[in-house]
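So the structure is just underneath, and the comments pick up after that.
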Ligand code: APR
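Residue numbers (full-length UniProt numbering): 129 to 408.
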């Protein structure tokens, strides 16, 4: 393929080429990278979509800027806006999407090398994707601790606090520090496991990028770790990051569930996909 080949946008040809790559057995180590766009169909707003994104709707919380809701410095001074948001985002009220179930299918067929997600909604786990195949690069609501003494805080009590919109504090009388879910705030390090497992992204023989603006590093850099010749497929409303710049990139622009359904059709997995999604 010569260099000035225009990026191939959605066409059944390119999705059938992706399906062929998978069915031929050439793709055994598929690496998937996801963002909030795969959970919008579950009813969880993403962050940066112009009207519906969280950052467009936090104005009511009089934040200095929207991202402050996830800023550690701001949280220490005023934890309330985060807990208003936590009440809305807290796992348990949402259902995994077709896109989540497609990743589970890849795992069940022994084709999922690893899933890197930026999402904190735990829908990957609820979809039945094996935990050892998931890296929650920005943490999740699954656990919480005192930001001062790091003592873990009880999950049942946490649910209560979040439901009531109250701010939980460390139960150690000598500490009384603020409690925060193990979500990676701006200004915090990503989990150790993210850096330990980056080489899994380098070993990919197919990369699927779904529902992310690729605005936040170091996560966004994952998409450039696979070798040059490895096909990369973007399922996203719009083109993002470096996607589309390599000859073997495939852009499936539009709703990710629809794009995934088209790929499932090309793979002959559509029935299985819909059945598993309905069973959840
Ligand atoms: N189908 C396909 N794409 C979608 C859909 C959909 N149904 N809904 C939204 N999108 C796309 C948006 O167009 C956008 O490109 O998903 C992307 C979501 O981007 P963001 O809102 O920026 O979410 P994300 O990329 O996950 O943000 C990364 O930013 O605030 C931090 O830590 C937070 O993990 C988050 C990180």
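Built from N, CA and C at the ideal position, the CB exists for glycine as well. Since we're looking at a predicted model, the values are computed, not measured.
What residue range does the alpha helix (DSSP H) around residue i cover?
i	result
residue 170	That residue, residue 170, is in no alpha helix (DSSP H); it is neither H nor E in DSSP.
residue 223	From DSSP, residue 223 is part of no alpha helix (DSSP H); its letter is neither H nor E.
residue 410	Residue 410 lies beyond the range of the chain shown here (129 to 408); nothing can be said about it.
residue 244	Element bounds for residue 244: not the alpha helix (DSSP H) but the beta strand (DSSP E), 240-245.
residue 209	208-217
residue 379	That residue, residue 379, is in no alpha helix (DSSP H); its beta strand (DSSP E) goes 377-381.
residue 394	384-395
residue 324	320-324
residue 308	First-last for residue 308: 307-311, but that is the beta strand (DSSP E), not the alpha helix (DSSP H).
residue 264	Counting along the chain, residue 264 falls outside any alpha helix (DSSP H), though it belongs to the beta strand (DSSP E) covering 262-264.
residue 251	251-254
residue 398	398-407
residue 198	Looking at the DSSP string, residue 198 is not in any alpha helix (DSSP H), and its letter there is neither H nor E.
Quick check: does the Cβ of residue i come within less than 7 Å of any heavy atom belonging to the ligand APR?
i	result
residue 223	no
residue 160	no
residue 292	no
residue 384	yes
residue 232	no
residue 176	yes
residue 171	no
residue 244	no
residue 268	no
residue 163	yes
residue 370	no
residue 185	no
residue 272	no
residue 305	no
residue 317	no
residue 429	Residue numbering for the chain in the displayed model covers 129 to 408; residue 429 lies beyond these limits and cannot be assessed.
residue 365	yes
residue 198	yes
residue 380	no
residue 349	no
Does the beta-carbon distance from residue i to residue j come in below 8 Å?
i	j	result
residue 170	residue 218	no
residue 243	residue 252	yes
residue 391	residue 233	no
residue 158	residue 395	no
residue 198	residue 313	yes
residue 285	residue 203	no
residue 155	residue 379	no
residue 246	residue 344	yes
residue 189	residue 212	yes
residue 356	residue 374	yes
residue 263	residue 321	yes
residue 261	residue 235	yes
residue 209	residue 408	no
Terminal residues of the continuous beta strand (DSSP E) containing residue i?
i	result
residue 270	267-274
residue 285	Not the beta strand (DSSP E): residue 285 falls in the alpha helix (DSSP H), residues 283-292.
residue 334	334-338
residue 160	158-162
Please check the pair residue i and residue j, which I expect to be a contact at CB under 8 Å, by giving their CB distance rounded to whole angstroms.
i	j	result
residue 336	residue 368	Actually they do not touch by this definition, with Cβ atoms about 14 Å apart.
residue 165	residue 339	2 Å
residue 319	residue 267	7 Å
residue 231	residue 257	6 Å
residue 291	residue 280	Not confirmed; about 19 Å, so no contact.
residue 287	residue 297	The pair is not a contact, with the Cβ atoms about 16 Å apart (cut-off 8 Å).
residue 277	residue 300	6 Å
residue 200	residue 372	Not quite, the Cβ-Cβ distance comes to about 34 Å (not below 8 Å), so this is no contact.
residue 325	residue 353	Incorrect: roughly 11 Å between the Cβ atoms, too far for contact.
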